[in-house]
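Residue numbers (this note's numbering): 7 to 210.
Ideal Cβ positions, reconstructed from N, Cα and C, are used throughout, including at glycine.
Have a look at the structure below, then the notes.
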């Protein structure tokens, strides 16, 4: 079983890479017994190769190896920083040079990082539509990590982010093993929609 992680963080160290690693670790735990082979693709190392592929129309050997890894993967974890309310240009460019049939039917977990929680909806209005267009099967839970989610350090994150990571990993593992994860597996109680709706109404 091949699990490929694509991370578009631009700095080193990178909170985007850190989130990608946490998601991969959680997915591997959920796939215990299946022994997934995990490969991480750092797009910052391929930035020049991606740009050249646009100009020449052909990926070089290093970029081709990364594209082939994504194509041959059984599942994908894709993580990008959010710039100007959307995914980064490097992140989008990489998937632009990927064959548009490469992700058909492939389980994908999408995630993003940003300085503020206000940009979390970029997962729904930018990343999810991108992978839906590529005909991937995107897991229901998308994971967003704002600066405050890291709990003041890069070694740990808040309980809320930890729960989202575990839930998304359980959903990805469920798709890979053809098992629908129960709410208890994801570590979260299911709240009826009527109660969620009532909580949104203004109190008088």
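Open item on the list: Considering just the uninterrupted stretch of the alpha helix (DSSP H) at residue 33, what are its terminal residues?
Closed with: 21-36
Task: Distance between residue 129 and residue 17 (C-alpha atoms, nearest Å) - done: 21 Å
TODO: Please confirm if the segment 111-121 is in contact with the segment 173-185, defined as three or more CB-CB distances below 8 Å between the two stretches.
DONE: yes
Open item on the list: Looking at the strands, I want to know which residues DSSP matches up with residue 89.
Closed with: Within the DSSP bridge table, the entry for residue 89 names 92 as partners.
Open item on the list: Distance check for residue 34 and residue 43, CA to CA, integer angstroms please.
Closed with: When only Cα atoms are considered, residue 43 and residue 34 end up about 9 Å apart.
TODO: Report yes or no: do the segment 88-102 and the segment 124-141 share at least 3 C-beta pairs separated by less than 8 Å?
DONE: yes
Open item on the list: At the level of alpha carbons, what is the spacing between residue 69 and residue 13?
Closed with: 14 Å
Task: Supposed close pair residue 181, residue 142 - CB separation, criterion 8 Å - done: No, residue 181 and residue 142 are not in contact; Cβ-Cβ is about 11 Å, not under 8 Å.
- [ ] Assign residue 98 to one of three DSSP states: helix, strand, or coil.
- [x] Here residue 98 sits in helix by DSSP.
TODO: Look at the alpha carbon of residue 9 and the alpha carbon of residue 78, and state the distance between them as a whole number of angstroms.
DONE: 9 Å
- [ ] Express the C-alpha separation of residue 83 and residue 50 in angstroms, rounding to a whole number.
- [x] 16 Å
- [ ] Whole angstroms is fine: what's the gap from residue 37's alpha carbon to residue 168's?
- [x] 18 Å
- [ ] Please work out which residues of its chain come closer than 8 Å, Cβ to Cβ, to residue 122, disregarding the five sequence neighbours upstream and downstream, and give them in chain order.
- [x] 152, 153
- [ ] Would you kindly report the start and end of the unbroken alpha helix (DSSP H) that includes residue 68?
- [x] 67-78
- [ ] Identify, in the order they occur along the chain, each residue of the same chain with its Cβ nearer than 7 Å to the Cβ of residue 72, setting aside the five sequence neighbours on each side.
- [x] 47, 52
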